[in-house]
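This report refers to the structure that appears directly beneath it.
2 protein chains.
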Amino acid sequence: MTTELSERNRTILEAIIEEHIATAEPVGSRTVARRHPMGLSPATIRNVMADLEDLGYLRSPHTSAGRVPTEKGYRFYVDTLLQVRQLTQKEQKQLSSSYQLRGHKVEEVLRDVSRSLSSISRYTGLVMAPRMETTVFRHIEFLPLSQGRILVILVTRSGLVQNKIIETGEPLTPRELEQISNYLNRTLTGLPIHEVKEKIFAEMQREKARYDQLLAKTLTLSRQALQGNLDGEVFIEGTSNILDQPEFANVETMRELFRAFEQKGRLIDLLTRSQQAEGVQIFIGSETGLEGIDGCSLITSHYSNRRGTIGALGVIGPSRMNYSAVIPIVDYTARLLSQMLEGDIE
Amino acid sequence: MTTELSERNRTILEAIIEEHIATAEPVGSRTVARRHPMGLSPATIRNVMADLEDLGYLRSPHTSAGRVPTEKGYRFYVDTLLQVRQLTQKEQKQLSSSYQLRGHKVEEVLRDVSRSLSSISRYTGLVMAPRMETTVFRHIEFLPLSQGRILVILVTRSGLVQNKIIETGEPLTPRELEQISNYLNRTLTGLPIHEVKEKIFAEMQREKARYDQLLAKTLTLSRQALQGNLDGEVFIEGTSNILDQPEFANVETMRELFRAFEQKGRLIDLLTRSQQAEGVQIFIGSETGLEGIDGCSLITSHYSNRRGTIGALGVIGPSRMNYSAVIPIVDYTARLLSQMLEGDIE
DNA sequence: CGCTAGCACTCTGGGGCAAAGAGTGCTAAA
DNA sequence: TTTAGCACTCTTTGCCCCAGAGTGCTAGCG
Numbered sequence: 000m001t002t003e004l005s006e007r008n009r010t011i012l013e014a015i016i017e018e019h020i021a022t023a024e025p026v027g028s029r030t031v032a033r034r035h036p037m038g039l040s041p042a043t044i045r046n047v048m049a050d051l052e053d054l055g056y057l058r059s060p061h062t063s064a065g066r067v068p069t070e071k072g073y074r075f076y077v078d079t080l081l082q083v084r085q086l087t088q089k090e091q092k093q094l095s096s097s098y099q100l101r102g103h104k105v106e107e108v109l110r111d112v113s114r115s116l117s118s119i120s121r122y123t124g125l126v127m128a129p130r131m132e133t134t135v136f137r138h139i140e141f142l143p144l145s146q147g148r149i150l151v152i153l154v155t156r157s158g159l160v161q162n163k164i165i166e167t168g169e170p171l172t173p174r175e176l177e178q179i180s181n182y183l184n185r186t187l188t189g190l191p192i193h194e195v196k197e198k199i200f201a202e203m204q205r206e207k208a209r210y211d212q213l214l215a216k217t218l219t220l221s222r223q224a225l226q227g228n229l230d231g232e233v234f235i236e237g238t239s240n241i242l243d244q245p246e247f248a249n250v251e252t253m254r255e256l257f258r259a260f261e262q263k264g265r266l267i268d269l270l271t272r273s274q275q276a277e278g279v280q281i282f283i284g285s286e287t288g289l290e291g292i293d294g295c296s297l298i299t300s301h302y303s304n305r306r307g308t309i310g311a312l313g314v315i316g317p318s319r320m321n322y323s324a325v326i327p328i329v330d331y332t333a334r335l336l337s338q339m340l341e342g343d344i345e
Numbered sequence: 000m001t002t003e004l005s006e007r008n009r010t011i012l013e014a015i016i017e018e019h020i021a022t023a024e025p026v027g028s029r030t031v032a033r034r035h036p037m038g039l040s041p042a043t044i045r046n047v048m049a050d051l052e053d054l055g056y057l058r059s060p061h062t063s064a065g066r067v068p069t070e071k072g073y074r075f076y077v078d079t080l081l082q083v084r085q086l087t088q089k090e091q092k093q094l095s096s097s098y099q100l101r102g103h104k105v106e107e108v109l110r111d112v113s114r115s116l117s118s119i120s121r122y123t124g125l126v127m128a129p130r131m132e133t134t135v136f137r138h139i140e141f142l143p144l145s146q147g148r149i150l151v152i153l154v155t156r157s158g159l160v161q162n163k164i165i166e167t168g169e170p171l172t173p174r175e176l177e178q179i180s181n182y183l184n185r186t187l188t189g190l191p192i193h194e195v196k197e198k199i200f201a202e203m204q205r206e207k208a209r210y211d212q213l214l215a216k217t218l219t220l221s222r223q224a225l226q227g228n229l230d231g232e233v234f235i236e237g238t239s240n241i242l243d244q245p246e247f248a249n250v251e252t253m254r255e256l257f258r259a260f261e262q263k264g265r266l267i268d269l270l271t272r273s274q275q276a277e278g279v280q281i282f283i284g285s286e287t288g289l290e291g292i293d294g295c296s297l298i299t300s301h302y303s304n305r306r307g308t309i310g311a312l313g314v315i316g317p318s319r320m321n322y323s324a325v326i327p328i329v330d331y332t333a334r335l336l337s338q339m340l341e342g343d344i345e
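From first to last, the protein sequence lines are chains W and B.
Going left to right, the first sequence walks through residues 0 to 345 as numbering that gives the first Met the number 0 numbers them.
Going left to right, the second sequence walks through residues 0 to 345 as numbering that gives the first Met the number 0 numbers them.
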């Protein structure tokens with residue numbers, strides 16, 4: 000792979016990509032020769048550019064328009080050419096001072112993080128809330144409403160509070176509800192939610208449940224409380240930032256993009272996938288697997304508490320984004336959020 | 000006011016506005032004469048149009064481009080010309096079947112309502128969650144986290160669950176926390192939140208609080224739990240719908256609009272204001288008081304529970320929107336939501 | 001006296017066209 | 001192997017012109 004491109008060709012490719020990142024315009028041989036003087040004439044650079052185009056790193060929008068990086072070009076740039084800049088102390092401070100857990104709910108903090116990712120990167124910020132499945136049972140509470148409806152409140156160790164309204168066939172007395180929640184809080188606290196689910200399911204199979212009225216009620220109730228969509232939520236902030244990018248100057252592209260943002264499900268999938276891997280991940284163009292966001296890239300990282308990865312965050316921008324600036328921002332923000340959730344909530 | 004326009008002139012104004020609503024184009028005298036035959040020649044209609052322009056109901060984008068309604072024009076149309084269509088049984092059914100309280104949390108329902116407002120109207124849906132201040136205390140719960148931090152969960156009668164993380168100077172034992180929440184639940188249940196606040200404040204002034212250690216702790220804790228932003232939240236859905244409207248074909252307008260959507264605070268103000276009045280309200284163009292959404296109108300209504308108004312919802316679209324279709328949608332949706340919250344949760 | 005037909009006038013939008021600019025690929029020479 | 005030169009291509013821009021749409025005004029009609 001490294002043999003595919005000579006040292007010189009790599010330098011030129013890098014120059015072209017960086018020039019394009021800076022200007023958003025197709026870059027021509029003359030410009031490269033002038034801005035990145037390496038003792039080569041435009042003609043030589045043209046030859047190299049032709050080679051790079053044949054190899055699939057560049058393409059020309061039309062005959063006389065200079066070259067633009069392809070996805071493969073960006074991928075190569077990111078993998079082997081890019082030098083990630085470190086954040087200065089000052090920038091770190093600026094980032095860390097934006098967030099505060101105290102006096103807020105976790106969702107608000109996550110939204111703030113997303114907002115700050117967007118405003119610092121000048122692209123669009125993305126934060127996926129911890130998925131219930133991955134966190135640990137902390138507390139459950141049942142509040143009776145009218146007409147046999149019950150409000151369930153489920154709290155996880157990461158400080159997330161979920162609630163939903165469920166319906167029981169037969170009305171339960173406040174006293175029963177209290178007994179039930181006491182029982183559940185006693186036996187379930189500290190278990191990961193997925194184990195909680197298993198446990199309840201297993202319990203329902205056991206013979207005892209058939210004869211113990213209250214136990215039976217408890218189990219149906221908690222099953223209802225846990226089933227269904229306790230999914231992660233995505234906080235997308237700063238969507239309008241991305242509209243300043245020249246590639247979204249035409250209305251059609253813009254519309255596509257916003258439609259894509261409205262389908263949060265796909266984003267959740269992607270972010271969940273990105274959680275698997277360590278550290279910062281970069282998805283370029285079609286690698287995101289998202290429709291309608293051609294020409295966009297996504298930089299993600301995951302955040303975690305003591306027990307492991309619980310969520311993911313990132314920045315979405317044009318493929319022509321300033322990777323070397325955004326990568327450390329995403330990286331540092333993820334660490335910061337991990338730290339905050341780890342120290343304070345568990 | 001009614002004397003300002005003759006019967007005929009009103010008919011013509013109505014024709015022009017309806018034509019413009021349908022086509023999004025400036026409308027000329029010939030078109031009016033053809034599409035709304037009333038035995039008048041284009042020339043006559045031209046005279047009338049010139050009058051209407053002088054009076055400020057119409058304006059021409061340029062000399063040879065037909066007329067377009069002004070804000071005053073729309074206002075007059077909405078106030079005196081508009082015939083609001085009733086929803087058919089079928090449409091009502093379609094609307095009411097979209098929502099379901101069971102198995103969801105209130106926030107999700109509100110988001111669904113917003114989404115459905117947008118998808119049925121084909122504009123953008125807006126729902127403001129009940130403001131804490133306006134609802135009634137139902138339950139409070141304190142869960143200790145590490146390092147003297149406490150997660151407070153506050154439930155209101157309307158089924159809203161709020162939570163935040165607060166910090167106590169001195170650590171409190173779980174036992175104390177339990178006592179505290181028991182006390183609060185006993186004494187506060189059924190009081191409107193604003194009365195709760197007053198009550199706590201009054202209590203703090205009383206002499207007793209100085210000597211009763213636990214009471215003092217209780218009061219500081221609950222004050223912290225209640226203070227600050229328990230504001231309404233706005234759910235904006237279907238923003239991309241509005242992009243299909245031809246008036247947003249140029250990128251600059253679009254960008255403005257999205258920036259406006261991101262400043263939810265202004266929208267909250269407006270929706271809160273609209274809560275004061277009865278029934279459906281219409282804000283045309285600058286009447287919204289929002290910047291950056293020139294050429295947009297807002298149709299709102301409020302929803303309530305047994306005790307009174309608790310929130311507002313609406314649709315935002317171009318001033319050229321189909322008022323007669325959207326008004327009943329907003330109206331019916333508000334009733335529906337009121338009904339849902341009233342019957343089921345209180 | 002109100003309505004209308006006719007007409008001159010105005011403004012926009014689109015098509016066509018040419019020139020300018022940018023950039024390429026190729027060839028031949030250093 | 002590099003480079004200078006050159007012919008070629010394609011887009012962009014400006015310009016002009018014309019068609020189309022619509023207006024305002026005037027004069028005549030019922």
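Yeah, the Cβ is synthetic: ideal placement off N, Cα and C, and Gly gets one too.
In three-state terms, what does DSSP make of valine 112(W)? If DSSP states are grouped into helix, strand and coil, valine 112(W) belongs with the helices.
Looking at the structure shown, is leucine 159(B) part of a helix, part of a strand, or coil, going by DSSP? Shown here, leucine 159(B) sits in coil according to DSSP, grouped into three states, outside any helix or strand.
Contact between the segment 153-166 of chain B and the segment 100-115 of chain B (3+ Cβ pairs under 8 angstroms): A contact exists between the segment 153-166 of chain B and the segment 100-115 of chain B.
Chain-ordered residues of the segment 150-162 of chain B with a beta carbon less than 7 angstroms from chain W: Of all residues in the segment 150-162 of chain B, only Leu150, Ile152, Val154, Gly158, Val160, Asn162 place a beta-carbon less than 7 angstroms from a beta-carbon of chain W.
In chain order, what residues of the same chain have a beta carbon less than 7 angstroms from the beta carbon of isoleucine 44(W), not counting five sequence neighbours either side? Hits under 7 angstroms: Ile11, Ser28, Val31, Ala32.
Taking the straight line between their C-alpha atoms, what separation do you get for glutamate 246(W) and valine 83(W)? If you take the alpha carbons of glutamate 246(W) and valine 83(W), they lie about 24 angstroms apart.
If distances are taken between C-alpha atoms only, which option among Leu109(B), Tyr76(B), Gln88(B) comes closest to tyrosine 302(B)? The shortest Cα separation from tyrosine 302(B) among Leu109(B), Tyr76(B), Gln88(B) belongs to Leu109(B).
Members of the segment 19-49 of chain B that neighbour chain W once the beta carbon cut-off is set at 9 angstroms: Contact residues of the segment 19-49 of chain B toward chain W are absent (C-beta to C-beta distance below 9 angstroms).
When you compare only the Cα positions, how much space is there between alanine 64(W) and valine 26(W)? The straight-line gap from Cα to Cα measures roughly 8 angstroms.
Would you report the Cα separation of proline 317(B) and leucine 116(B), rounded to the nearest angstrom? Cα to Cα, proline 317(B) sits roughly 15 angstroms from leucine 116(B).
Check whether the Cβ atoms of asparagine 240(B) and tyrosine 331(B) lie closer than 8 angstroms to each other. Not a contact, by the Cβ cut-off of 8 angstroms.
Report yes if the C-beta distance between proline 143(B) and proline 173(B) is below 8 angstroms; otherwise report no. The criterion of a C-beta distance shorter than 8 angstroms is satisfied by proline 143(B) and proline 173(B).
Entirely enclosed beta strand (DSSP E) segments - the segment 242-296 of chain B, minimum 3 residues: Listed in chain order, they are 280-283.
Cβ neighbours of leucine 51(B) in the same chain (closer than 7 angstroms, five flanking residues each side left out): The answer, listed in chain order, is Asn8, Leu12, Leu57.
Measure how close the beta-carbons of valine 154(W) and arginine 137(W) come, nearest whole angstrom, since I'm counting them as under 8 angstroms. Arginine 137(W) and valine 154(W) do touch by the CB rule: their CB atoms are close to 5 angstroms apart, below 8 angstroms.
Put threonine 22(B) into one of helix, strand or coil per three-state DSSP. Of the three classes helix, strand and coil, the one that applies to threonine 22(B) here is helix, per DSSP.
For arginine 319(W), count neighbouring Cβ atoms within 10 angstroms of its own Cβ and tell me buried if that reaches 16, exposed if not. Answer is buried; the Cβ neighbour count reaches 16.
Cutoff 7 angstroms; reference proline 170(W); Cβ partners in own chain excluding five residues on either side: Here the set comprises Gly147.
Am I right that valine 233(B) and isoleucine 281(B) are in contact with their C-beta atoms under 8 angstroms? What's the rounded C-beta distance? Wrong, their Cβ atoms sit about 19 angstroms apart, outside the cutoff.
Measure the alpha-carbon distance for leucine 225(B) versus tyrosine 182(B) and round it to whole angstroms. Within the model, the alpha-carbon separation for leucine 225(B) versus tyrosine 182(B) is close to 16 angstroms.
Between tyrosine 73(B) and the rest of its own chain, which residues show a CB-CB distance below 6 angstroms, the 5 nearest in sequence each way excluded? Ile283, Ser318.
Minimum Cβ-Cβ distance from serine 239(W) to chain B less than 8 angstroms: With 8 angstroms as the cut-off, serine 239(W) counts as an interface residue toward chain B.
Interface positions of the segment 243-259 of chain B facing chain W (Cβ-Cβ less than 7 angstroms), listed along the chain: Only Ala248, Val250, Met253, Arg254, Phe257, Arg258 from the segment 243-259 of chain B bring a Cβ to less than 7 angstroms from some Cβ of chain W.
Closer than 8 angstroms to chain W by CB, isoleucine 164(B): Yes, because at least one Cβ of chain W sits closer than 8 angstroms to the Cβ of isoleucine 164(B).
Indicate the three-state DSSP secondary structure (helix, strand or coil) for valine 83(B) in the structure shown. If DSSP states are grouped into helix, strand and coil, valine 83(B) belongs with coil.
Among Ser337(W), Phe75(W), Glu90(W), Ser296(W), whose alpha-carbon lies nearest the alpha-carbon of proline 327(W)? Nearest option by C-alpha distance: Glu90(W).
Expressed to the nearest angstrom, what Euclidean distance is found between the alpha-carbon atoms of glutamate 24(B) and methionine 37(B)? If I take the Cα positions, the gap works out to 22 angstroms.
Under 7 angstroms Cβ-Cβ, which residues of chain B neighbour glutamate 261(W)? Using a Cβ-Cβ cut-off of 7 angstroms, glutamate 261(W) is close to Ser239 of chain B, given in chain order.
Please list, in chain order, the residues of the segment 96-124 of chain W that have any C-beta partner in chain B closer than 7 angstroms. The segment 96-124 of chain W vs chain B, Cβ under 7 angstroms: Leu100, Arg101, Gly102, His103, Lys104.
Cutting at 8 angstroms between CB atoms, please list the residues of its own chain near glutamate 175(B), excluding the five before and the five after it. The residues are Leu213, Lys216.
For the segment 121-145 of chain B, which residues have a CB atom closer than 9 angstroms to at least one CB atom of chain W, in sequence order? Answer set for the segment 121-145 of chain B: Arg137, His138, Glu140, Leu142, Leu144, Ser145.
List the DSSP bridge partners of histidine 301(W). Histidine 301(W) pairs with Ala311(W).
Taking the DSSP output, what are the residues bridged to valine 67(B)? Bridge partners of valine 67(B) according to DSSP: Arg58(B).
Taking the beta carbon of tyrosine 210(B) as the centre, do at least 16 other beta carbons fall within 10 Å, making it buried, or is it exposed? Tyrosine 210(B) comes out exposed.
Quick check on DSSP: helix, strand or coil for proline 327(W)? Three-state DSSP puts proline 327(W) in a helix.
Could you check if serine 221(W) is buried or exposed, using at least 16 other CB atoms within 10 Å of its CB as the buried criterion? The residue in question, serine 221(W), is buried, as its Cβ has 16 or more Cβ neighbours within 10 Å.
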